[in-house]
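Engineer: Structure provided below as structure tokens; questions to follow.
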Amino acid sequence: MGCIDTRVGPEATVVRFSVRRNRPAMLVSLIMLLNILSMPMKAYLSEFLPWQTVPALPDAFANYSIFSSATLAYQQMRYTPLTLPNGSTYFDDAAMDVQVLRATLNLTNHAPMPSRADCLASFVLGLPGLIYYTPVQLDLVCALAADADVNASTWDKVGACYIDKFCAIVIGHACVWLNAGDAVHGGQLSPHVVTITYTFTGTRFRQWLWWKLGFRCALTLFVGWRLWKQYYAHCQRLQARLTACGHSADLSPSEWRYELVLGDPTAIILMDPSVACAFVVDIWISTSSVGIAVLRASQNGDLYVMFVTFVYLSRTVWFAYCALCVTSYGLKKWKKEHAFTEVDPTLVAVGVAIYGPSSLVPMDVYAARAPPLLGQENELGPGCAMYTLLIACLPLCYGFAVPALRHRLRKHQGEAPNYASPFYNSTKNRTIFGMLAPFRATADVHPIEATTPRVLERGGAIYSLFCDQFAVQNCPTISLRSADCFLLCYHNATLVSKIRLSLLCSLDCNAATPELAVENAGGKATSIAYEITLDSSGRPRMCQPAEAPPWCI
Numbered sequence: 003m004g005c006i007d008t009r010v011g012p013e014a015t016v017v018r019f020s021v022r023r024n025r026p027a028m029l030v031s032l033i034m035l036l037n038i039l040s041m042p043m044k045a046y047l048s049e050f051l052p053w054q055t056v057p058a059l060p061d062a063f064a065n066y067s068i069f070s071s072a073t074l075a076y077q078q079m080r081y082t083p084l085t086l087p088n089g090s091t092y093f094d095d096a097a098m099d100v101q102v103l104r105a106t107l108n109l110t111n112h113a114p115m116p117s118r119a120d121c122l123a124s125f126v127l128g129l130p131g132l133i134y135y136t137p138v139q140l141d142l143v144c145a146l147a148a149d150a151d152v153n154a155s156t157w158d159k160v161g162a163c164y165i166d167k168f169c170a171i172v173i174g175h176a177c178v179w180l181n182a183g184d185a186v187h188g189g190q191l192s193p194h195v196v197t198i199t200y201t202f203t204g205t206r207f208r209q210w211l212w213w214k215l216g217f218r219c220a221l222t223l224f225v226g227w228r229l230w231k232q233y234y235a236h237c238q239r240l241q242a243r244l245t246a247c248g249h250s251a252d253l254s255p256s257e258w259r260y261e262l263v264l265g266d267p268t269a270i271i272l273m274d275p276s277v278a279c280a281f282v283v284d285i286w287i288s289t290s291s292v293g294i295a296v297l298r299a300s301q302n303g304d305l306y307v308m309f310v311t312f313v314y315l316s317r318t319v320w321f322a323y324c325a326l327c328v329t330s331y332g333l334k335k336w337k338k339e340h341a342f343t344e345v346d347p348t349l350v351a352v353g354v355a356i357y358g359p360s361s362l363v364p365m366d367v368y369a370a371r372a373p374p375l376l377g378q379e380n381e382l383g384p385g386c387a388m389y390t391l392l393i394a395c396l397p398l399c400y401g402f403a404v405p406a407l408r409h410r411l412r413k414h415q416g417e418a419p420n421y422a423s424p425f426y427n428s429t430k431n432r433t434i435f436g437m438l439a440p441f442r443a444t445a446d447v448h449p450i451e452a453t454t455p456r457v458l459e460r461g462g463a464i465y466s467l468f469c470d471q472f473a474v475q476n477c478p479t480i481s482l483r484s485a486d487c488f489l490l491c492y493h494n495a496t497l498v499s500k501i502r503l504s505l506l507c508s509l510d511c512n513a514a515t516p517e518l519a520v521e522n523a524g525g526k527a528t529s530i531a532y533e534i535t536l537d538s539s540g541r542p543r544m545c546q547p548a549e550a551p552p553w554c555i
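Residue numbers (the working numbering): 3 to 555.
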């Protein structure tokens, strides 16, 4: 590369190129960095910290009958219309770590439902804590639904409790009971109005909470280290190289200056199997907290709690990202890259946010069909596994379906996209770039092949290669496009070129497979990054610059 030296006396002074980072893009990149770094600690939006007061563990009971009757009596005594806020359908007893949900059932004009199927299909819908009911609780509710002439007094304080377990480990207990009248809003007792109350009491172990905090701190540091090593360190070295030598050989620092636009490094972490698996483990070891979060999300009595809970539950998107990492490994191992179309990580997150709550409905069906023995204990392991698989399958269904339809859509395809454009990107990044001044719509942008004196767009050759040769994709399920940097080149204060710089780690050179290998072209690249070209036979070749950078054009 043509680094400029000028001799001043006995020592050499290197003339530096002016390189600055685009501040809005830098701010967005840092926000994305903080978002991914804070992901482990988002758990504490809904979980307890280890130094918070831990309620005393419940007494041991000789058998289930004693446990259910004693616990139910205690809960009914503690949570009454006098102790709960009037009109509140949700109450968080933080001191005892108990979630209380209530609903009023007005059965004045109720038509009896003797069929259990009809009861499960309509009557039980919307009841508090429904997803965690055992057959005993469902039998109670369906017996109420089958009553032709409801007398509230006969159903007063009727209920039962059960133990919640995850993989045979006790994580808490729940109770469901009925009260005569409207216990939520108070008022005059009506003979055909009852209130159903659901409570869940979590079990907390201080040592376990400290262990989880240590695990999450270590995960945060690991993610930060990964992002620095795999992205921001590369960006820093790129800026240093530009400052020393410019973007091409034999350029004058007095005539050229640069603006570096950083990308979003989130995808680098999403395609890291070790990080994705660690987040899945983090969620699975917090099953009781996830269960509480689902209860909080199902209520609308406290909108702030519901919003915070949605943020907490957004962590379940890692089920989908982990599935994409595992699928990517399988596609590469069996050389089936062509069978999958990469997904947009932003759309995956949005899809999980919409699809996740609706996928909880099948778990209610599973509980309704559970053996009667589970009326005493509710094992959440199978339900959690089902929920994990349902979330994981969402992006996989899309990724495998699109290639299957590709041959039908091919005849309707238009012109090839402009791979050098910043808008050949994820949904989130297209929106962000649309708000940045250097990338707003303009008629003065055209591909490098044109010769008119306008702004040239270069780069993106790696994505053109991906579309033609699927085997060279290092991760065929998630694209690294959002992590690309854009170099704005100014000649005599005029923007003349926009260069897209893509991370070389997204390219699989297939060194072990000669017929698919991306080989060195032999010559030296004239720019600051690897240049990807095709030879006369259509085989990809790379030209390496003087210093081997982690970027390509």
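All C-beta atoms in this analysis are idealised placements derived from N, C-alpha and C, irrespective of residue type, glycine included.
Where in the region 151-177 do unbroken runs of the beta strand (DSSP E), each at least 3 residues long, occur, reported from the N-terminal end onward?
Structural biologist: Fully enclosed beta strand (DSSP E) runs of 3 or longer: 161-168.
Engineer: Which partner residues does C554 have in the DSSP bridge list?
Structural biologist: Mapped onto the sequence shown, residue 554 falls at position 552. Answer is S504, Y532.
Engineer: Checking the sheet assignment: what are the DSSP bridge partners for Y357?
Structural biologist: Against the sequence shown, residue 357 aligns to sequence position 355. Bridge partners of Y357: none, in fact.
Engineer: For T73, which three-state DSSP category applies?
Structural biologist: Here residue 73 corresponds to residue number 71 of the sequence shown, with the count starting at 1. Of the three classes helix, strand and coil, the one that applies to T73 here is helix, per DSSP.
Engineer: What residues match up with S428 in a beta bridge as DSSP calls it?
Structural biologist: Looking up residue 428 in the sequence shown gives position 426. Looking at the DSSP assignment, S428 forms no beta bridge with any residue, so it has no partner.
Engineer: Give me the Cα-Cα distance between L211 and S90, rounded to the nearest whole angstrom.
Structural biologist: What you label residue 211 is simply residue 209 of the sequence shown in a count that begins at 1. What you label residue 90 is simply residue 88 of the sequence shown in a count that begins at 1. For L211 and S90, the distance between alpha carbons rounds to 30 Å.
Engineer: Say whether the region 140-148 touches the region 113-132, bearing in mind that this needs 3 or more beta-carbon pairs closer than 8 Å, one atom from each stretch.
Structural biologist: Because the criterion of three Cβ pairs below 8 Å is met, the region 140-148 and the region 113-132 touch.
Engineer: CB-CB under 7 Å to T453, same chain, minus the five flanking residues each way: which ones, in chain order?
Structural biologist: Residue numbering aside, residue 453 sits at position 451 when the sequence shown is read from its first letter. Here the model assigns T453 a pLDDT of 43, short of 50, so the residue's position is not dependable, and the following value carries that caveat. Within the same chain, T453 has no close Cβ partners at all.
Engineer: Going by CA-CA distance only, name the one from L103, L503, T515 that's closest to C554.
Structural biologist: For the purposes of this step, residue 554 is taken as the residue at position 552 of the sequence shown. Here the closest residue by C-alpha is L503.
Engineer: Taking 8 Å as the threshold, find out whether the region 91-106 comes into contact with the region 302-310 through three or more Cβ pairs.
Structural biologist: Output reads yes: the region 302-310 touches the region 91-106.
Engineer: I'd like to confirm the pairing. Which residues does DSSP put opposite I480 in its beta bridges?
Structural biologist: The sequence position of residue 480 within the sequence shown is 478, counting from 1. V345.
Engineer: Let me confirm a value: S67 is counted as buried when at least 16 other C-beta atoms fall within 10 Å, else exposed. Which label applies?
Structural biologist: Indexing the sequence shown from 1 puts residue 67 at position 65. It counts as exposed.
Engineer: To the nearest angstrom, report how far apart I530 and E549 are at their CA atoms.
Structural biologist: To locate residue 530, count along the sequence shown from 1; it is residue 528. To locate residue 549, count along the sequence shown from 1; it is residue 547. Roughly 8 Å separates the two Cα atoms.
Engineer: Starting from S311, trace the alpha helix (DSSP H) both ways and give me its first and last residue.
Structural biologist: If you number the sequence shown from 1, residue 311 lands on position 309. Rather than Ser, the amino acid found at residue 311 in this sequence is Thr. Element bounds for T311: 305-315.
Engineer: Which residues does DSSP pair with G204 in a beta bridge?
Structural biologist: Walking along the sequence shown from the start, residue 204 turns up at place 202. G204 pairs with G174.
Engineer: For C556, which of helix, strand or coil comes out of DSSP?
Structural biologist: The chain is shown only over 3 to 555; residue 556 falls outside these bounds and no answer can be derived.
Engineer: Only counting the same chain, and skipping five residues up and downstream in sequence, which positions put a Cβ closer than 7 Å to that of F402?
Structural biologist: Numbered from 1 along the sequence shown, position 400 holds the residue referred to as residue 402. Closer than 7 Å at the Cβ level, and outside the excluded window around F402, lie A341, F342.
Engineer: Are the region 63-78 and the region 237-249 in contact at 8 Å, needing three or more beta carbon pairs?
Structural biologist: These segments do not touch.
Engineer: Just to confirm, is the Cβ distance from G183 to A147 under 8 Å?
Structural biologist: As a position in the sequence shown, residue 183 is number 181, starting the count at 1. As a position in the sequence shown, residue 147 is number 145, starting the count at 1. Going by C-beta atoms, G183 is not nearer than 8 Å to A147.
Engineer: Find out if the Cβ-Cβ distance for the pair G226, L39 is shorter than 8 Å.
Structural biologist: Here residue 226 refers to the residue found at position 224 of the sequence shown. Here residue 39 refers to the residue found at position 37 of the sequence shown. The answer is yes: Cβ separation under 8 Å.
Engineer: Please state whether DSSP places F93 in a helix, a strand or coil.
Structural biologist: Locating residue 93 in the sequence shown gives position 91, where the first residue counts as 1. F93: strand per DSSP, three-state reduction.
Engineer: Quick one: grab the DSSP three-state call for C545.
Structural biologist: Numbered from 1 along the sequence shown, position 543 holds the residue referred to as residue 545. DSSP places C545 in strand when its eight states are reduced to three.
Engineer: Could you give the distance in angstroms between the alpha-carbon of L262 and the alpha-carbon of I287?
Structural biologist: If you number the sequence shown from 1, residue 262 lands on position 260. If you number the sequence shown from 1, residue 287 lands on position 285. Their Cα atoms are separated by approximately 42 Å.
Engineer: On the three-state DSSP scale, how would you describe W227?
Structural biologist: Translated into positions along the sequence shown, residue 227 becomes position 225. Helix.
Engineer: Can N431 and D266 be called in contact, C-beta distance under 8 Å?
Structural biologist: Position 429 of the sequence shown, counted from the start, is the residue given in the question as residue 431. Position 264 of the sequence shown, counted from the start, is the residue given in the question as residue 266. In this structure, D266 lies closer than 8 Å to N431 by Cβ.
Engineer: Just list the residues that DSSP pairs A2 with in beta bridges.
Structural biologist: A question about residue 2 goes unanswered here, because the residues of the chain that appear run from 3 up to 555.
Engineer: Within the same chain, show all residues whose beta-carbon is closer than 6 Å to that of S428, passing over the 5 residues directly before and after it, in chain order.
Structural biologist: Position 426 of the sequence shown holds residue 428. Here the set comprises D346, T348, S484.
Engineer: According to DSSP, is L438 part of a helix, a strand, or is it coil?
Structural biologist: Counted from its first residue, the sequence shown places residue 438 at position 436. In this structure, L438 counts as coil in the three-state DSSP scheme.
Engineer: Three Cβ pairs or more, each shorter than 8 Å: is that satisfied between the region 107-118 and the region 193-210?
Structural biologist: Yes, the region 107-118 is in contact with the region 193-210.
Engineer: Note down the Cα distance separating P405 from Y532, rounded to an integer number of angstroms.
Structural biologist: Indexing the sequence shown from 1 puts residue 405 at position 403. Indexing the sequence shown from 1 puts residue 532 at position 530. Between P405 and Y532, the C-alpha separation is close to 30 Å.
Engineer: For a quick check, are the C-beta atoms of G474 and P542 less than 8 Å apart?
Structural biologist: For the purposes of this step, residue 474 is identified with residue 472 of the sequence shown, where counting begins at 1. For the purposes of this step, residue 542 is identified with residue 540 of the sequence shown, where counting begins at 1. According to the sequence displayed, residue 474 carries Val and not Gly. Yes.
Engineer: Within this structure, are the beta carbons of T289 and F168 separated by less than 8 Å?
Structural biologist: On the sequence shown, residue 289 is found 287 positions in, with the first residue counted as 1. On the sequence shown, residue 168 is found 166 positions in, with the first residue counted as 1. Yes, the Cβ-Cβ distance between T289 and F168 is below 8 Å.
Engineer: Rounded to whole angstroms, what is the Cα-Cα separation between A439 and D510?
Structural biologist: The residue labelled residue 439 in the question sits at position 437 within the sequence shown. The residue labelled residue 510 in the question sits at position 508 within the sequence shown. Rounded to the nearest angstrom, the two C-alpha atoms are 34 Å apart.
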